[in-house]
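In what follows, a single structure is set out as structure tokens and then discussed.
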Amino acid sequence: MYGMRLGVDIGGTFTDFAMADANRGWTAVHKRLTTPDEPSRAVIEGVRAICSENTIAIPDLAEIVHGTTLITNALIERRGARTGMLVTKGFRDTFDIGQEQRYDLYDLRIQFAPPLVERRCRAEVIERLDHEGNVLVELDEDDLRTSIVRLVEDEKIEALAICFLHSYANPQHESRAAEIARELYPNLFVSTSADVFPYAREYERWTTTCANAYSQPMVDAYLRKLEDGLAAIGFTGNLSIIASGGGLMSPSMARRYPVRLLESGPAAGVIMAARIAEELKIDGLIAFDLGGTTAKGALVRNGEPFKKYTFEAAHAYKHKTGSGLQLQIPVIDMAEIGSGGGSIAGVDELGLIRVGPRSASSSPGPACYGLGGEYATLTDANLTLGYLDAGFFLGGKMKLEPTLASEAIEGVIGQKLGMELLRAAWGIHDIANEDISRAFRMHATERGFDYRRSTMVATGGGGPIHAARIARKLKVPRVIYPAGAGVMSAFGMLLGAASFEVVRSHSQPLETLEPSKLGDLLADAADEVRKHLLTAGIAAEAIELDCRLDMRYRGQGYDIEVRLPMHLSLEEQLKVLPALFEEAYREVFHTTLEQPLEITGLKAEARAPKPGFMTLGGRADATPESALKGTRKAYFPLAGRIVDCPVYDRYLLRPGETVDGPCLVEERESTCLLDFGDRGTVDTYGNLVAEIGV
Numbered sequence: 001m002y003g004m005r006l007g008v009d010i011g012g013t014f015t016d017f018a019m020a021d022a023n024r025g026w027t028a029v030h031k032r033l034t035t036p037d038e039p040s041r042a043v044i045e046g047v048r049a050i051c052s053e054n055t056i057a058i059p060d061l062a063e064i065v066h067g068t069t070l071i072t073n074a075l076i077e078r079r080g081a082r083t084g085m086l087v088t089k090g091f092r093d094t095f096d097i098g099q100e101q102r103y104d105l106y107d108l109r110i111q112f113a114p115p116l117v118e119r120r121c122r123a124e125v126i127e128r129l130d131h132e133g134n135v136l137v138e139l140d141e142d143d144l145r146t147s148i149v150r151l152v153e154d155e156k157i158e159a160l161a162i163c164f165l166h167s168y169a170n171p172q173h174e175s176r177a178a179e180i181a182r183e184l185y186p187n188l189f190v191s192t193s194a195d196v197f198p199y200a201r202e203y204e205r206w207t208t209t210c211a212n213a214y215s216q217p218m219v220d221a222y223l224r225k226l227e228d229g230l231a232a233i234g235f236t237g238n239l240s241i242i243a244s245g246g247g248l249m250s251p252s253m254a255r256r257y258p259v260r261l262l263e264s265g266p267a268a269g270v271i272m273a274a275r276i277a278e279e280l281k282i283d284g285l286i287a288f289d290l291g292g293t294t295a296k297g298a299l300v301r302n303g304e305p306f307k308k309y310t311f312e313a314a315h316a317y318k319h320k321t322g323s324g325l326q327l328q329i330p331v332i333d334m335a336e337i338g339s340g341g342g343s344i345a346g347v348d349e350l351g352l353i354r355v356g357p358r359s360a361s362s363s364p365g366p367a368c369y370g371l372g373g374e375y376a377t378l379t380d381a382n383l384t385l386g387y388l389d390a391g392f393f394l395g396g397k398m399k400l401e402p403t404l405a406s407e408a409i410e411g412v413i414g415q416k417l418g419m420e421l422l423r424a425a426w427g428i429h430d431i432a433n434e435d436i437s438r439a440f441r442m443h444a445t446e447r448g449f450d451y452r453r454s455t456m457v458a459t460g461g462g463g464p465i466h467a468a469r470i471a472r473k474l475k476v477p478r479v480i481y482p483a484g485a486g487v488m489s490a491f492g493m494l495l496g497a498a499s500f501e502v503v504r505s506h507s508q509p510l511e512t513l514e515p516s517k518l519g520d521l522l523a524d525a526a527d528e529v530r531k532h533l534l535t536a537g538i539a540a541e542a543i544e545l546d547c548r549l550d551m552r553y554r555g556q557g558y559d560i561e562v563r564l565p566m567h568l569s570l571e572e573q574l575k576v577l578p579a580l581f582e583e584a585y586r587e588v589f590h591t592t593l594e595q596p597l598e599i600t601g602l603k604a605e606a607r608a609p610k611p612g613f614m615t616l617g618g619r620a621d622a623t624p625e626s627a628l629k630g631t632r633k634a635y636f637p638l639a640g641r642i643v644d645c646p647v648y649d650r651y652l653l654r655p656g657e658t659v660d661g662p663c664l665v666e667e668r669e670s671t672c673l674l675d676f677g678d679r680g681t682v683d684t685y686g687n688l689v690a691e692i693g694v
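In full-length UniProt numbering, the protein residues as written are 1 to 694.
Rendered as structure tokens:
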């Protein structure tokens, strides 16, 4: 059905490629350094290279699925378009007022992310709706035209965000304003808040709309360059972009809603972990990914990743929550920390080792890359500890320099703390493990998720090295190392399906909600999400609809998501809602209350069928003896010394075979580390499943 497909994930250090042919169960991978000056260049070069390496004709590719950090980086570095904003008269300074909250009461130096639209580029418009969408003041179109002309001609804006009060309840004023703007300036990029995210709370809705407009010209230019480059090398298939919520979008949809691409790359790794959980019937799972710049953790329950609809980007002060841009988009809920392979290690003012959040990126990269990097990084520490093979990095395509790694660690850590090289390297490794464990522990606890009874899936170039020790700290009993873990986000893109989701405000006591009203709400939202998939060429009969209500006890400020049983009639759905809410509430808070219920919003998602899950294991003709490559000296603190550690070839391990720690299991893009007491078994899918020792 799907044919030959290619997943491409642009990361901070490497760009990963995963190719699969579902018809014959065949896969191939490729990895190369990211080109930060022009990200599409690494994509074009990588597509050409992986096809050449596997004697695949580029025109034979049916689809390329692409994930990118382009939007995230643009918001952090403020490289978007000059953007204007139209607001309801009297609300020009909403961004400067913010939420009137200090995220740290005792730090007098706190900073807030500056608005994406400066004050001079915000224009007030005469119009007003009430909270139910009734028109209080008609839109003054002459005043509107004057404001648009001033913003374009005088302020030289390239994009326009239209953000009127209560437009989520009635979009007519915003829609008319967009029509006028496009009539005046057909090439102007226009975003309306009622289209981007029609939800109550104007501050977050308007910030999201401005971020969408701010990134539209850049995304349009990037996709045009990518499409032209792919066409030039002979690609004639379908190009899809993975969104932050894990679904696939067409390029036209990505151009319309670029803000939904903020976490597109990391989402794909979680999708892969969720499919592993689904196939292996795992109830609770932690998806752990450690790449070149960050470590990320997401929670999966019953095969479904946890999602959220409020997201903070571009933190302005010490990566603290509250210091970033408050956005509202569907996104997989992840804990993210600046502890990646390229994260720079140093000694702080208290004389303590710190790892990250600054990264050496791909240029110049860690010191051991030999590309001019002078800072010690987590990758340098892992090489010094013996966990990486200097001659087999990326399957031998990229040679590492152990001497440069040692010199960097001694210069930055060893000399400052009077510490021998091995202990300094171990300090970097263990501090990173502790930072990641603490972030995951807090993330899971806040969501009522018992990680001690869960399973961890380790992916990314560095995840398999650190997973067993992080699992020990968290008391997670089992770690799964998928085959191809180093490019798992790229593989995850091949498991994504086209989808589109809308979130709408609707506040009403549950007791007053009639079946007919619920039916109207569902039908309206369902029509919108289905329309997007039908436009993308998905057959109507193949589209699956998923609807949820945001509910809470009356007077509370925290919403609980309740999935509607779509197989029941509207009357039956209303009858079972209280019981479904109590079940969901108890899962988070372990208690329920005797209070009336109210609904606050509706979510509807249309999904295309998922691609089939593929085995990514080793060779069927491998023998147990042939998998052992030899030994390497590596440091294992549970032994208190350097150990002659067995090293296995991941591609030669057969299903059913076991390996005992301490050992290293190598593949081209990553290395799995098992510690003393750990035992790993290869399952039928090619996963190395490790039971973690006490």
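Cβ coordinates follow ideal geometry from the N, Cα and C atoms, glycine included.
Counting along the chain, K633 sits inside the beta strand (DSSP E) bounded by residues L628 to F636.
With fewer than 16 other beta carbons inside 10 angstroms of its own, V137 counts as exposed. It is roughly 31 Å from the alpha-carbon of V689 to the alpha-carbon of P357.
In the displayed model, K156 falls within coil according to three-state DSSP, outside both helix and strand. When the alpha-carbon of R504 is set against those of M488, A181, C547 and G640, the nearest one is in C547. DSSP places P266 in the helix class (H, G or I) of the three-state scheme.
The beta-carbon separation of T658 and V647, rounded to 16 Å, does not stay under the 8 Å limit for a contact. In the three-state scheme derived from DSSP, where H, G and I count as helix and E and B as strand, A298 is classed as strand. Judged by DSSP secondary structure, Q573 falls within the alpha helix (DSSP H) whose first and last residues are L570 to F589. A Cβ-Cβ distance of about 5 Å is found for the pair A485 and S670, placing them in contact under the 8 Å criterion. For L383, same chain residues with a beta-carbon under 7 Å away, outside a window of 5 residues either side, are C368, A390, L400, P402 and A405 in chain order. The straight-line gap separating the alpha-carbon atoms of L545 and P515 is approximately 18 Å. When the five nearest sequence neighbours on each side are left out, the beta carbons in the same chain lying within less than 7 Å of the beta carbon of K610 are those of L495 and A497, in order along the chain. Here K517 carries a helix assignment [DSSP, helix/strand/coil]. For H567, there is no enclosing alpha helix (DSSP H), as DSSP gives it neither H nor E. Its Cα nearest to that of V117, the residue L75 stands out among C672, L75, V149 and R128. The beta carbon of F112 sits closer than 7 Å to those of G98, A316 and S323, all from its chain and outside the five residues before and after it, given in chain order. Taken through DSSP and simplified to helix, strand or coil, D104 comes out as coil. Under the 10 Å beta carbon count, F589 is surrounded by fewer than 16 other beta carbons and is classified as exposed. Here K397 is exposed, its C-beta having fewer than 16 other C-beta atoms within 10 Å. Fewer than three pairs of CB atoms, one per stretch, sit closer than 8 Å, so the region 326 to 335 makes no contact with the region 359 to 368. Distance from the CA atom of L534 to the CA atom of M566, rounded to whole angstroms, is 20 Å. The continuous stretches of alpha helix (DSSP H) do not include H66, which lies in the beta strand (DSSP E) extending over residues E63 to G67. Per DSSP, the continuous alpha helix (DSSP H) segment holding F440 begins and ends at L421 to E446. Pairing A18 with V457 gives a Cβ-Cβ distance that is not under 9 Å. For the set T207, V219, G557 and R469, the Cα lying nearest the Cα of H66 is the one of V219. Separation of G90 and R122 (C-alpha to C-alpha, rounded to the nearest whole angstrom) is 11 Å.
Selection F306, V665, L673 and E598 evaluated against Q556 yields E598 as nearest (Cα-Cα). Rounded to the nearest whole angstrom, the CA to CA distance from K281 to E691 is 17 Å. By the criterion of at least three beta-carbon pairs nearer than 8 Å, the region 418 to 435 is not in contact with the region 260 to 277.
Using a Cβ distance threshold of 9 Å, A425 and L673 do not count as a contacting pair. With respect to the 9 Å criterion, G492 and A211 are not classified as neighbours on the basis of their beta carbons. For G80 and S40, the gap between their C-alpha atoms comes out near 17 Å.
For the pair E501 and A606, the CB atoms are nearer than the 9 Å cut-off. Under DSSP, K307 shares a beta bridge with I332. The count of Cβ pairs closer than 8 Å, one atom from the region 3 to 22 and one from the region 42 to 53, reaches three, so the stretches are in contact.
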